[in-house]
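K.L.:
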Amino acid sequence: MRPRRRRATRPGGGLHLGRRAHAGRHRRPRPAGPLHRGGRGGRRCRASLPGGARRPLLRWRHRVVRGPGRCHPRRARRSHRIRRRPGDRAGGSRPAPRRVPEGRVPALPRHDRRGGVAHRAAPDPDHPAARVRRTLRPRPSVTAVSSRDLTEAEDAAFAAVELARHPQRPRALDVIEHLFDDWTELRGDRLYGDDPAMLGGPALLDGRWVMVLAQEKGSDAMSRALRNFGMPHPEGYRKAQRLMRQAERFQLPVLCLVDTPAAHAGVGAEERGQAWAIAETLLVALRLRVPVISTILSEGGSGGALALALADRVLALENAVYTVAPPETCAAILWRDSGQRARAALALRPGVATALALGLVDELIPEPSPGVHAHPTLVMAALRGALVRHLDQLDALGAEPRMSLRRSRYRSAGDPVLN
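In terms of the numbering used here, the sequence shown has 1066 at position 128, counting the first letter as 1, and numbering is strictly consecutive.
Below, the structure written as structure tokens:
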């Protein structure tokens, strides 16, 4: 019987597998499998895997030449890899060549810049964006302001708001009674209902028929609750739109009396389209071919006041306030604390003198000290004369020039400050 000839094995043609002591069970073929020679389960052993034509069968997905081991962030440097280059540290992590600094990366060593900091063209100082940045950037004070001075300034700013909210100041119904004759109230928006916070109807001013739109707060507890504290609902603004279109049909000038902290922000108002109603009111007022004059009586806040303040001429009583939001709302939004209302009032600069500097108000009606609530007859007489004077000036203009000036007025709002 001839002895069996052993097949010659090329150097390096075989691949040896070894079981590590920490290896899990059943993660690869058992020691008694066809690729293993000898050895018992649980003992360290060596096996020779033939190469050559059978090498493609031993792939990574067969989990034959991949032993169990722990995971490592670098997939190519895992300790359970069978073949590694000489000198490779099994399971060890190579230290980073240099430590990444904390914070921002310096500008010079960045890899995506050539020659250090990128060169940029010098900004144009006359560009509108550059003027806005110069205007809105914080200006350093020459002298340090103490906390006591800051507190006094905040108290003074909020005192102006409280003066505008004085309960004895004349309301819209009081002004209508002093200025106009034969006023007839019209109600309803022809869509949902009537809003007691928004008044409207034709009246006589110095023998001339006009359309009066007014926001009424109420004078006592019951009337304030009935008028919703002067915060109109969407049906109030839609009623104002209806009366504006009616005034244009009959060629009646529109006179608006603004006195509201803001539009009503309840769930029902939002469901009925509060924002849409305010926006549509602004659009209708902008397209009117008749003269439009607005007067800020006491408090003009947020878009609820702006809806009736888009006009050819805007007048304001001297102690009125005109802001983008009430101080309490502003403090709740910015600092999550309505108690910061004095701080918010200082930031808002609520006095109408600021609106006059911005070009949003054309004339201030003076109030004798301590305010209009002490001398209502004098202030109402001055307001009546100012309304008649501005109406005469606007009537002298044609419809097209008047509408063009109205559009350019609000397109260029704020230019005196930016320039």
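Note that the Cβ used here is the ideal one computed from N, Cα and C, for glycine as well.
Taking all protein chains shown into account, do 16 or more other C-beta atoms lie within 10 angstroms of the C-beta of Arg1227, making it buried, or fewer, making it exposed?
P.N.:
exposed
K.L.:
Going straight from the alpha carbon of Leu1321 to that of Ile1231, what length do you get?
P.N.:
12 Å
K.L.:
State the start and end residues of the unbroken alpha helix (DSSP H) segment that holds Leu1298.
P.N.:
Premise fails: Leu1298 is in no alpha helix (DSSP H) and is neither H nor E.
K.L.:
State yes or no: is the C-beta of Leu1142 within less than 8 Å of the C-beta of Asp1112?
P.N.:
No, the Cβ-Cβ distance between Leu1142 and Asp1112 is not below 8 Å.
K.L.:
Could I get the ranges of all uninterrupted beta strand (DSSP E) runs contained in the segment 1120–1205, with 3 residues as the minimum, in chain order?
P.N.:
1136–1143, 1146–1153, 1192–1198
K.L.:
When you compare each of Pro1170, Pro1314, Asp1300 to Pro1306 by their alpha carbons, which one comes out closest?
P.N.:
Pro1314
K.L.:
With respect to the alpha helix (DSSP H) encompassing Leu1221, which residues constitute its N-terminal and C-terminal limits?
P.N.:
Note, Leu1221: alpha helix (DSSP H), 1212–1225.
K.L.:
Please state the DSSP three-state secondary structure of Glu1208.
P.N.:
Helix.
K.L.:
When you compare the CB positions of Pro1134 and Leu1101, do they come within less than 8 Å of one another, or not?
P.N.:
no
K.L.:
Indicate the three-state DSSP secondary structure (helix, strand or coil) for Ala1245 in the structure shown.
P.N.:
Coil at Ala1245, not helix or strand.
K.L.:
Can you give me the C-alpha to C-alpha distance between Glu1209 and Glu1173, rounded to a whole angstrom?
P.N.:
12 Å
K.L.:
Between Val1290, Arg1251, Leu1286, Ala1258, which lies nearest to Glu1266 when the distance is taken from Cα to Cα?
P.N.:
Here the closest residue by C-alpha is Leu1286.
K.L.:
Taking the straight line between their C-alpha atoms, what separation do you get for Ala1351 and Leu1298?
P.N.:
7 Å
K.L.:
Work out the CA separation of Ala1185 and Thr1219 for me, nearest whole Å.
P.N.:
14 Å
K.L.:
Mind checking which residues open and close the beta strand (DSSP E) that includes Gly1239?
P.N.:
1230–1239
K.L.:
Have a look at Leu1335, Ser1342, Val1099 and flag the residue whose alpha-carbon is nearest the alpha-carbon of Thr1261.
P.N.:
For the residues Leu1335, Ser1342, Val1099, the minimum Cα distance to Thr1261 belongs to Val1099.
K.L.:
From Pro1304 to Arg1187, what distance separates their C-alpha atoms?
P.N.:
35 Å
K.L.:
Leu1332 to Ala1249, Cα distance in whole Å?
P.N.:
11 Å
K.L.:
For Pro1339, tell me which candidate among Asp1275, Asp1158, Pro1229 has the shortest Cα-Cα distance.
P.N.:
Pro1229
K.L.:
With H, G and I counted as helix, E and B as strand and the rest as coil, what does DSSP make of Arg1251?
P.N.:
strand
K.L.:
Are there 16 or more other CB atoms within 10 angstroms of the CB of Met1160, so buried, or fewer, so exposed?
P.N.:
exposed
K.L.:
Measuring alpha carbon to alpha carbon, tell me which residue in Val1310, Leu1124, Arg1344 is nearest Pro1105.
P.N.:
Val1310
K.L.:
Leaving out the 5 sequence neighbours to the left and right, which residues in its chain are closer than 7 Å to Thr1122 when beta-carbon positions are compared?
P.N.:
Gly1139, Pro1140
K.L.:
Whole angstroms is fine: what's the gap from Asp1330's alpha carbon to Leu1193's?
P.N.:
13 Å
K.L.:
Report buried or exposed for Ser1346, applying the criterion of at least 16 other Cβ atoms within 10 angstroms of its Cβ.
P.N.:
Ser1346 counts as exposed, since fewer than 16 other C-beta atoms from the protein chains shown sit within 10 angstroms of its C-beta.
K.L.:
Could you give the DSSP three-state label for Leu1111: helix, strand or coil?
P.N.:
Reduced to three states, the DSSP call for Leu1111 is helix.
K.L.:
Could you check how far apart the C-beta atoms of Glu1256 and Leu1181 are, in whole angstroms? I think they sit under 8 Å.
P.N.:
29 Å between Cβ atoms; not a contact.
K.L.:
What number of angstroms, rounded off, separates the C-alpha of Ala1245 from the C-alpha of Arg1162?
P.N.:
21 Å
K.L.:
Look up Leu1302 in the DSSP assignment and say whether it is helix, strand or coil.
P.N.:
strand
K.L.:
Roughly how many angstroms lie between the CA atoms of Thr1081 and Ala1091, to the nearest whole one?
P.N.:
The pLDDT assigned to Thr1081 is 46, lower than 50, so where the model puts this residue is not dependable, and the model offers no usable value.
K.L.:
Please return the same chain residues whose Cβ sits closer than 6 Å to the Cβ of Met1318, not counting the five positions on each side in sequence.
P.N.:
His1116
K.L.:
Given this structure, state the Cα-to-Cα distance separating Leu880 from Leu1253, to the nearest angstrom.
P.N.:
This structure gives no information on residue 880, because the portion of the chain shown stretches from 939 to 1357.
K.L.:
Which of the three DSSP states, helix, strand or coil, is assigned to Val1259?
P.N.:
strand
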